[in-house]
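Numbering (UniProt numbering), first residue to last: 1 to 233.
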């Protein structure tokens, strides 16, 4: 794909690089198939012109990082609690959520919990402020040694140009934002886990001691997708 360009006047996104059937091949590898047979990936264009919810804007790096529709209640809870829209996140923010969700479900055996996630992470804005990709999740320093080691990708080149249209749920938080994320006290508010998570933290400590890392945990396409997977609680 050619390199992306700057956003057009009045737009928060540059022209899409996914504008041919050949270029759409990669997102189609990651996106789920439609139960109705309807095409799930529609080509992008020079200027975003979404028609929600059937023609919503979505990003290839998000799908590659593990976020595919239909989205889980955990993902939607994160957006609601922090008052974020999906496109406020960076690809590494999505990857952080995917690793956490898959770690909880497939390795610890519990549903991903917003409360536990907040105990481990805070929200940080990017600098300078950005409408799309305006924030990411940063581990809290005092509990960093309680989580598994995670080395995230350093750079996603021109990722804001890798957008296309797809049907999404009719939720305001899934629409393209017009302003950068607004910082709130909830972004860094302290969290007291109490003793209700002792078993979870003990299990996590065991996994960490066995050498489990974020790279070993994440599986694109399932970590923060809604599923019928069984849970122990």
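Just so you know, even glycine gets a beta-carbon here, dropped at the ideal spot from N, CA and C.
Do residue i and residue j have their C-beta atoms closer together than 8 Å?
i	j	result
residue 59	residue 96	no
residue 16	residue 164	yes
residue 146	residue 201	yes
residue 63	residue 132	no
residue 40	residue 50	no
residue 53	residue 168	yes
residue 143	residue 214	no
residue 129	residue 61	no
residue 91	residue 159	yes
residue 77	residue 184	no
Per DSSP, residue i is paired with what?
i	result
residue 12	Answer is none; residue 12 lacks a bridge partner.
residue 56	166
residue 89	135
residue 42	165
residue 124	136
residue 51	55
Alpha carbon to alpha carbon, what distance is there between residue j and residue i?
i	j	result
residue 89	residue 190	21 Å
residue 66	residue 94	7 Å
residue 20	residue 182	35 Å
residue 218	residue 114	18 Å
residue 231	residue 102	For residue 231, the predicted model reports a pLDDT of 32, less than 50, meaning its position is unreliable and no value from the coordinates is stated.
residue 117	residue 22	38 Å
residue 209	residue 47	49 Å
residue 196	residue 141	22 Å
residue 204	residue 98	16 Å
residue 11	residue 178	9 Å
residue 161	residue 109	37 Å
residue 198	residue 192	12 Å
residue 227	residue 69	Here residue 227 scores only 40 on pLDDT, less than 50, and its place in the model is too uncertain to base an answer on.
residue 216	residue 170	34 Å
residue 28	residue 173	23 Å
residue 206	residue 100	16 Å
residue 45	residue 14	9 Å
residue 42	residue 57	10 Å
residue 194	residue 81	20 Å
residue 166	residue 24	12 Å
residue 55	residue 126	28 Å
For my contact list, residue i and residue j are in at a C-beta cut-off of 8 Å; report their separation, rounded to the angstrom.
i	j	result
residue 123	residue 104	Incorrect: roughly 19 Å between the Cβ atoms, too far for contact.
residue 112	residue 71	Wrong, their Cβ atoms sit about 12 Å apart, outside the cutoff.
residue 121	residue 139	6 Å
Next on the checklist: Extract the residue ranges of the alpha helix (DSSP H) inside the stretch 134-188, only unbroken runs of 4 or more that lie entirely within it.
Outcome noted: none
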